[in-house]
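Residue numbering for the sequence shown follows the working numbering, starting at 1350 and increasing by one per position. Quick reminder that beta carbons are idealized off the backbone N, C-alpha and C, glycines included. Since the model is a prediction, treat every value here as computed from it, not as a measurement. For reference, the structure discussed in these notes is given below.
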Amino acid sequence: MKPNEIVVVINPGSTSTKIALYNRSKLIAEKVMRHAQKDLDQFRKVTDQFEYRYQMVEAALDTMFRDNKLIVVGMVGRGGIVKPLKGGTYRINEAFLADAQSGKYGDHASNLGSMLANELAKHFHLAESYTVDPVSAGDIVDKAKISGVPGIERNRRGHPLNMKMTARKIAQQQNIPYRDTKYVIAHLGGGISIASVEGGKITDVNDALMGMGPFSPNRAGAIPTRGIMDLCYSKPRNEVEQQLSKNSGLKAYLGVDDLRDVFKLIDNGNKQAQLIYEAFVYQIAKEIGAYHAAMKCKADGIIITGGIAYSDRFITDLKEYVACLTAFFIYPGENEMEALAEGAFRVIDGKELALEY
């Protein structure tokens, strides 16, 4: 195992593409490419952006590898919204690529991760490429899949990549074997997912994209059934999907989807902003409490992660609700790049077997 052996990590976001080089112990180099919205608007589907993004990533990597002696031993991309599947590191195959590209389970920027990794593996003469804990990954217990309506199963699209990585970090901090841990983890960002993570497996999680859990900066969360029926009968399906997944939450109520801007409104005396913010904290706290109860109140800790976890003001308000339940941890950010690299190296080094889609 040589320090110059690295994996290349690709993580596409809605308006950016992150690439990074990791060896087995640390980050070697990284680059973030921003995409202007006007450039993205020319594409009908997110996955239609593949060639546009690939050319930028390929050029950036060629520059990053100039005049160095790094050896690429792996290529890993963030997994997208595919069919429900167990957590782990997956070998990217044709079936995975077909579902990601079609967007049949959801049209999301992360779908480009496997597509870019697969093509870049060829560029670096690698036989295969990987993805780790895709958005729809989880080891959901059967009773958590029941919706109340036969034929409709609860969706589970969250942030397993960051959640499982964070659980490993907190387990080390608590000196508890990872396989023995029980956590309630709340990933709070543009999307919000709250999960029970037991022994490193996500056993239940809300649908962070559409239809479950608290509202987010721009997503609707759970909605009263009568209201959603009325909405669906009043607009075309694609407009309803856009409204619920991109134009709801803080953005719909207040015109802003950044918590810092919400605080500015509150500090300027905006009473509506104060009310919506209080509801925002309240709904997140309720969901955390529900998952703690679902684990029979035996969680080793509540972990708050994601971008919103950087807000001390928000954390202070949330702690008033849930810090009394069990140990309370804050691990801000997404940590997805490191999680992708570690997942790839676990397979490359024979510590885990790659799963097949």
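Residue 1382 (DSSP reduced to helix, strand or coil): In the sequence shown, residue 1382 corresponds to position 33, counting from 1. Reduced to three states, the DSSP call for residue 1382 is strand.
Sequence-distant residues of its chain with Cβ nearer than 6 Å to residue 1709 (five each side left out): No statement about residue 1709 is possible, as the shown extent of the chain runs from 1350 to 1706 and does not include it.
Closest Cα partner of residue 1481 within the set 1557, 1615, 1439 and 1370: Position 132 of the sequence shown, counted from the start, is the residue given in the question as residue 1481. Selected option, being the one with the closest Cα: 1439.
Anticipated Cβ contact below 8 Å, residue 1449 with residue 1464, distance rounded: As a working note, residue 1449 is residue 100 in the sequence shown. As a working note, residue 1464 is residue 115 in the sequence shown. Going by Cβ atoms, the distance from residue 1449 to residue 1464 rounds to 6 Å, so yes, they are a contact pair.
Touching by the beta-carbon criterion (3+ pairs, under 8 Å), the segment 1640 to 1647 and the segment 1527 to 1535: yes
Cβ neighbours of residue 1433 in the same chain (closer than 6 Å, five flanking residues each side left out): For the purposes of this step, residue 1433 is taken as residue 84 along the sequence shown, with counting starting at 1. Here the set comprises 1485.
Under 8 Å between C-beta atoms of residue 1693 and residue 1423: Looking up residue 1693 in the sequence shown gives position 344. Looking up residue 1423 in the sequence shown gives position 74. In this structure, residue 1423 lies closer than 8 Å to residue 1693 by Cβ.
Beta-carbon spacing of residue 1633, residue 1623 below 8 Å: To locate residue 1633, count along the sequence shown from 1; it is residue 284. To locate residue 1623, count along the sequence shown from 1; it is residue 274. Not in contact: residue 1633 and residue 1623 (Cβ atoms no closer than 8 Å).
Any 3 or more C-beta pairs closer than 8 Å across the segment 1653 to 1669 and the segment 1678 to 1688: yes
Neighbour-count burial assignment, residue 1521, 16 or more Cβ in a 10 Å radius: Mapped onto the sequence shown, residue 1521 falls at position 172. Answer is exposed; the Cβ neighbour count stays below 16.
Unbroken alpha helix (DSSP H) run spanning residue 1792, endpoints: Absent from the model: residue 1792. The displayed extent of the chain is 1350 to 1706, so no value can be given.
From 1456, 1509 and 1552, residue whose alpha carbon lies closest to that of residue 1492: What you label residue 1492 is simply residue 143 of the sequence shown in a count that begins at 1. Closest by alpha carbon: 1552.
Check whether residue 1446 and residue 1370 have beta carbons under 8 Å apart: The residue you call residue 1446 lines up with position 97 of the sequence shown. The residue you call residue 1370 lines up with position 21 of the sequence shown. Their beta carbons are not under 8 Å apart, which means residue 1446 does not touch residue 1370 by this criterion.
Helix, strand or coil at residue 1460 according to DSSP, with G and I counted as helix: As a working note, residue 1460 is residue 111 in the sequence shown. DSSP places residue 1460 in helix when its eight states are reduced to three.
Limits of the beta strand (DSSP E) - the one that residue 1454 falls within: Taking the sequence shown and counting its residues from 1, the one referred to as residue 1454 is at position 105. Residue 1454 -> no beta strand (DSSP E), and no H or E assigned at all.
Extent of the continuous alpha helix (DSSP H) run through residue 1588: Counting from one through the sequence shown, the residue named residue 1588 turns up at place 239. Per DSSP, residue 1588 belongs to the alpha helix (DSSP H) from 1586 to 1595.
Whole-angstrom distance between residue 1627 and residue 1604, CA atom to CA atom: On the sequence shown, position 255 is the one that residue 1604 refers to. On the sequence shown, position 278 is the one that residue 1627 refers to. Cα to Cα, residue 1604 sits roughly 16 Å from residue 1627.
CB of residue 1441 within 8 Å of CB of residue 1478, strictly: Here residue 1441 corresponds to residue number 92 of the sequence shown, with the count starting at 1. Here residue 1478 corresponds to residue number 129 of the sequence shown, with the count starting at 1. Yes; because the gap between Cβ atoms is below 8 Å, this pair is in contact.
Contact under 8 Å by Cβ, residue 1516 with residue 1487: For the purposes of this step, residue 1516 is identified with residue 167 of the sequence shown, where counting begins at 1. For the purposes of this step, residue 1487 is identified with residue 138 of the sequence shown, where counting begins at 1. No.
Terminal residues of the alpha helix (DSSP H) in which residue 1695 lies: Sequence index remark: in the sequence shown, residue 1695 carries index 346 (1-based). Unbroken alpha helix (DSSP H) run through residue 1695: 1685 to 1697.
Proximity below 8 Å, CB of residue 1394 to CB of residue 1455: The residue you call residue 1394 lines up with position 45 of the sequence shown. The residue you call residue 1455 lines up with position 106 of the sequence shown. No, these two residues do not count as a Cβ contact at 8 Å.
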